[in-house]
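Peer 1: This is the structure, below, for whatever I ask next.
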Ligand code: PMP
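Here's what the structure looks like:
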């Protein structure tokens, strides 16, 4: 590596630190849970996407251990070469029933699922119409596809119509996050589906933050809006409410058959490990059995968000358990997060490029496993630091 490039990287890193946008990574000495151990101390955990507490759930751990005993630790290779383990087939069938779709296909992550499906179905001569706040994996999937990309204003159906009305293309795909991970708002999917029909477009919704959270028993955004059969492609991840690692595409049988032949991350990257697949099966079974955890998640979110608003904090326009506590300046947000950490709370400050400049925030990720006492402890600390830093 040449000296100039090393100097360039050094300068970039210094700049990130000075602007408050440097990502420092905490080391956990415990499993993900309502509380985690960091630097030898217990911290209330507001940073993980472990919405239902399944990342450290005994049923999932047991299922993973059993799968390791029966199938070992590795998948061998890509499924088209090394064969597919029956576990993967089982999960795909279970997910299809859970999501009420014809078929599903698992991937190594949600990120990979977007990189897989979008370039497989869209190419030169096609147009992708994408919400301006879509997740990086949708954006990268679009870029890989070689289709033309047009962006509409966030959640704005007038803007979407305007973009759609000017398109002359072979195929059109409207792509949107289901729940926007930085703000917690929900995409207006019924209106998107309506416009898609009008303009003969397909719809892709990335339900990473809706699975296990929205809809009956956490079936996701399509269930929440009762749009079964009307959304062409659902992208999912196992890394959030399901508590494991992996991704998924849900849709028609023909789409899944096509992806098995065409999607590059399926053809050229090994399958998810048996342990993750088995634990994800256990997660889906748990959700099918009862929705207590989902209800608890929503109760916790309601209590926390109401209390924060009462204190005078701005929690943006969230409609889900994702709670952005708006600060504005990235340096201030970082300071707030550091003070929270000193007071026993692990809650990340998010700044540019994760969120727009000037819209830095502390993102509080509520979990079903937080006790009322935990939330009250946090509200007290937010109040103390909010006053200290003159945010409230
Ligand atoms: N899509 C969205 C909307 C996400 O928020 C995320 C995770 N940040 C992903 C995809 C990627 O999921 P995974 O962690 O499984 O790669």
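Numbering (the numbering used here), first residue to last: 44 to 435. Built from N, CA and C at the ideal position, the CB exists for glycine as well. This structure is a prediction, so every number in the text was calculated from the model and none was measured.
(1) Within the continuous beta strand (DSSP E) that includes residue 371, where are the two ends?
(2) Could you check if residue 155 is buried or exposed, using at least 16 other CB atoms within 10 Å of its CB as the buried criterion?
(3) Would residue 185 pass as a contact of residue 173 if the rule is Cβ separation under 7 Å?
(4) Relative to the C-alpha of residue 366, which residue among 340, 101, 214 and 116 is closest?
(5) Going by DSSP, what residue range makes up the beta strand (DSSP E) through residue 247?
(6) With a threshold of 8 Å on Cβ separation, who are the neighbours of residue 195 within its own chain once the five nearest residues in sequence on each side are excluded?
(7) Give me every residue whose Cβ sits closer than 6 Å to any heavy atom of the ligand PMP, in chain order.
(8) Apply the 10 Å Cβ neighbour rule to residue 44 and answer buried if 16 or more other Cβ atoms are within range, or exposed otherwise.
(9) In this structure, how does DSSP classify residue 151 when only helix, strand and coil are distinguished?
(10) Looking at the unbroken alpha helix (DSSP H) that takes in residue 338, where does it start and where does it end?
(11) Below 8 Å CB to CB, which residues in the same chain sit around residue 110 once its five sequence neighbours on both sides are set aside?
(12) Below 8 Å on the Cβ atoms is my guess for residue 278 versus residue 374; work out the distance and round it to an integer in Å.
(13) Leaving aside the five residues before and after residue 386 along the sequence, list all residues of the same chain whose C-beta is less than 8 Å from its C-beta, in chain order.
(14) What would DSSP say about residue 184, mapped onto helix, strand or coil?
(15) By the 10 Å Cβ neighbour count, where 16 or more other Cβ atoms means buried, how is residue 73 classified, buried or exposed?
(16) Going by DSSP, name the residue or residues bridged to residue 80.
Peer 2: The short version:
(1) Looking at the DSSP string, the run of the beta strand (DSSP E) that includes residue 371 is 365 to 371.
(2) So residue 155 ends up on the buried side.
(3) yes
(4) Nearest option by C-alpha distance: 340.
(5) 245 to 249
(6) 172, 173, 174, 175, 202, 203, 205 and 206
(7) 152, 153, 154, 178, 180, 220, 224, 249, 251, 252, 280, 282 and 290
(8) exposed
(9) coil
(10) 335 to 354
(11) 130, 317, 318, 320, 321 and 322
(12) With a Cβ gap of about 35 Å, residue 278 and residue 374 do not count as contacting.
(13) 424, 427 and 428
(14) helix
(15) exposed
(16) 85
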